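Peer 1: First, the structure itself, so that you have it in front of you.
Residue numbers (my numbering), protein chains in the order written: chain R, 2 to 525; chain P, 3 to 102.
Structure (structure tokens):
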């Protein structure tokens, strides 16, 4: 359909992915097997082509590249060659062991070949013209000897310091990258980042298909790692920074995967565990897969509400994972027993697990990864995070929000119903003190105290509940030895809701006169 | 290093096929050896195209590479050996210049 092509001025260097490029066949991709990285690259690295991974010293590029080879060998039946210009084979083996990878075993099984290439200027005398054909033969032989489908060159720019003829090295590197394509190997080429440039010697000129930038920085006393896809020819990619982590499981990239789009909405309901509250949600409770935010100042009953939901989950025979950031498991069970909720039997039956951890014990990303793992390992249907606000201690507000978005997304994809409690500070508007996360939630409830007539009475209101008819009333509730009980609405003659002791007054048909509370109630 | 009359030179030249650089390097090497160590040298040519596994074993990256196997220690000289003075420096026949 070229009949209606409009004449335009030629536009060189049109950015990819804006829809104006003629559609070619989908780019073949090689999955990295690295948690999260394949999601943000929509399937992996360009197959049969080199990808540039650059970053400063200690940013994790060597380990990321190594995991790409190890996963390739173990999970995708793609053996790999690691050509190191920096670390010796022994050092690589040692470093990979910290990620749980046994390179010696992989080498013995011919799934991996480590080759340390040493080019030291002080050990070479240059006397005439040369090229790098030896490197080609060496790499080619390594690839052929194990049938490698993946190659890592880490960090090939060191050739520039090993040899004095920069023109030869540049020309040979250009030839090397062309040659790699003819070998049809999926390659990672690492480059050292330098101020103002992606790589010291401009490797990005040769590797044009995919460029990934790694970055490590220290924010609020904790080191955070970030990954960004700078370029991915022929493939849509989010240009956002994505946090990642390196621990004893390897590299984990923590993406936001098309939030709110990929997951299936359900219409199945889950009881809140409180009959009166279920009634406020049309007698049914939350939707399965909902994320629920419960905000309130200290002592308003957030944890109790969470415990009710946890107990109701276990009663159905479903697993509930409870992340406690403030109290120990024994404190929670003791406190809940005082209002008649006995959680202990559910713990014994392994339907309830309480995972207590001080937020400051780990960095934000480490928390997120730990939560992901616990959820993946145990497969709960319901997750409680109490309180999510304690995460603030670990990161800035935007970071916490980004992390929460990732966590919510992760759970939604698994149809896990999640309840977060949020401690709001007294005095401020609840909307302001909720980390701005309420927009991420499907259901938002506010707990508070209604002060009137020299009394303080507990109240609950549903601020929002996506896709559900719900009560707009501010309801009073009491804590009994059988948990949270919503008090029946008692209306005065003028239609306003009577609370606290005025309920009794109301029931005695007392004149509304001076006992009339303000219509405009405020929830602190 | 002094080149004593009884010293034997064992030199190995790594090439990759019959390329101009390889041919030049071998010719340059023969001429140099005849001029400096007549009757006391042995040249071994390793063609990595035929024996690719030796590139890794002998740590070869640059072509051509000349390796001084004897006398010890091992030294490496890269290039087509057209700069004879540099070759002699690399072999240890001539002293290294300052700053090298």
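Ideal placement from N, C-alpha and C gives every residue a C-beta, glycine not left out.
Predicted model, so just to flag it, every value in this text is computed and none were measured.
Tell me the DSSP secondary structure of residue 47/R in three-state form.
Peer 2: Here residue 47/R sits in strand by DSSP.
Peer 1: I need the boundaries of the beta strand (DSSP E) containing residue 398/R, first residue and last residue.
Peer 2: Careful: residue 398/R lies outside any beta strand (DSSP E), inside the alpha helix (DSSP H) at 398-414.
Peer 1: Counting pairs of beta carbons, one from the segment 34-47 of chain R and one from the segment 243-255 of chain R, are three or more of them closer than 8 Å?
Peer 2: yes
Peer 1: Between residue 142/R and residue 356/R, what straight-line distance do the alpha-carbon atoms span, to the nearest angstrom?
Peer 2: Residue 142/R and residue 356/R: Cα-Cα distance of roughly 51 Å.
Peer 1: What would DSSP say about residue 469/R, mapped onto helix, strand or coil?
Peer 2: coil
Peer 1: To which residues of the same chain is residue 312/R closer than 6 Å at the C-beta, ignoring the five residues directly before and after it?
Peer 2: 274, 342
Peer 1: Could you name the residues of chain R that residue 16/P contacts, counting a contact when the two beta carbons are closer than 7 Å?
Peer 2: Under the 7 Å cutoff, chain R gives 135.
Peer 1: What residues from the segment 36-54 of chain P come within 8 Å of chain R, judged by C-beta to C-beta, listed N to C?
Peer 2: 50, 51, 54
Peer 1: I need the straight-line Cα distance from residue 205/R to residue 171/R, nearest angstrom please.
Peer 2: 12 Å
Peer 1: Taking only the alpha-carbon atoms, compute the straight-line gap between residue 84/P and residue 27/P and give it to the nearest angstrom.
Peer 2: 7 Å
Peer 1: Under 8 Å, Cβ to Cβ, is there at least one residue of chain P near residue 261/R?
Peer 2: The pLDDT assigned to residue 261/R is 46, lower than 50, so where the model puts this residue is not dependable; a value taken from the coordinates is nonetheless given after this. With 8 Å as the cut-off, residue 261/R does not count as an interface residue toward chain P.
Peer 1: Quick one: list the residues of chain B neighbouring residue 66/P, beta-carbon separation under 7 Å, in chain order.
Peer 2: This model lacks chain B altogether, as its protein chains are R and P.
Peer 1: Can you round the beta-carbon distance between residue 107/R and residue 71/R to whole angstroms, since I take them to be within the 8 Å contact cut?
Peer 2: Between the beta-carbon of residue 107/R and that of residue 71/R there is about 7 Å, and that keeps the pair under the 8 Å contact cut.
Peer 1: So which of 426/R, 150/R, 68/R, 407/R has the shortest CA-CA distance to residue 242/R?
Peer 2: 407/R
Peer 1: So the candidates are 87/R, 105/R, 167/R; which of them puts its Cα closest to the Cα of residue 153/R?
Peer 2: 87/R
Peer 1: By alpha-carbon positions, which one of 365/R, 174/R, 456/R ends up nearest to residue 203/R?
Peer 2: 174/R
Peer 1: Under 8 Å Cβ-Cβ, which residues of chain P neighbour residue 141/R?
Peer 2: 54
Peer 1: How about residue 67/R and residue 140/R: do their beta carbons lie closer than 8 Å?
Peer 2: no
Peer 1: As a quick exercise: from 86/P, 96/P, 40/P, pick the residue whose alpha carbon is nearest that of residue 11/P.
Peer 2: In this structure, 40/P is the residue among 86/P, 96/P, 40/P with its C-alpha nearest to the C-alpha of residue 11/P.
Peer 1: What residues in the segment 101-133 of chain R bring their beta carbon closer than 8 Å to a beta carbon of chain P?
Peer 2: Listed by position, the residues of the segment 101-133 of chain R near chain P (Cβ gap below 8 Å) are 116, 118, 119, 120, 124, 125, 126, 127, 128, 129, 130, 131, 132, 133.
Peer 1: Give the secondary structure of residue 19/P by DSSP, where H, G and I count as helix, E and B as strand, and everything else as coil.
Peer 2: Assignment of residue 19/P by DSSP, reduced to helix, strand and coil, places it in the coil class.
Peer 1: Starting from the N-terminal side, write out each stretch of the beta strand (DSSP E) that is 3 residues or longer and does not extend beyond the segment 49-110 of chain R.
Peer 2: 51-56, 81-85
Peer 1: Could you pull out every unbroken beta strand (DSSP E) segment of at least 3 residues lying fully inside the segment 309-394 of chain R, listed in chain order?
Peer 2: 321-325, 353-357, 383-387
Peer 1: Identify each residue in the segment 57-83 of chain P for which the Cβ-Cβ distance to at least one residue of chain R is less than 9 Å, and report them in chain order.
Peer 2: Within the segment 57-83 of chain P, the residues whose Cβ lies closer than 9 Å to some Cβ of chain R are 57, 58, 61, 62, 63, 64, 65, 66, 67, 68, 77, 78, 79, 80, 81, 82, 83, listed in chain order.
Peer 1: Can you tell me whether DSSP reads residue 40/R as helix, strand or coil?
Peer 2: helix
Peer 1: Write down the C-beta distance between residue 323/R and residue 389/R rounded to the nearest angstrom, noting that I regard them as a contact closer than 8 Å.
Peer 2: Not confirmed; about 13 Å, so no contact.
Peer 1: Does the count of Cβ pairs from the segment 374-382 of chain R and the segment 399-418 of chain R closer than 8 Å reach three?
Peer 2: yes
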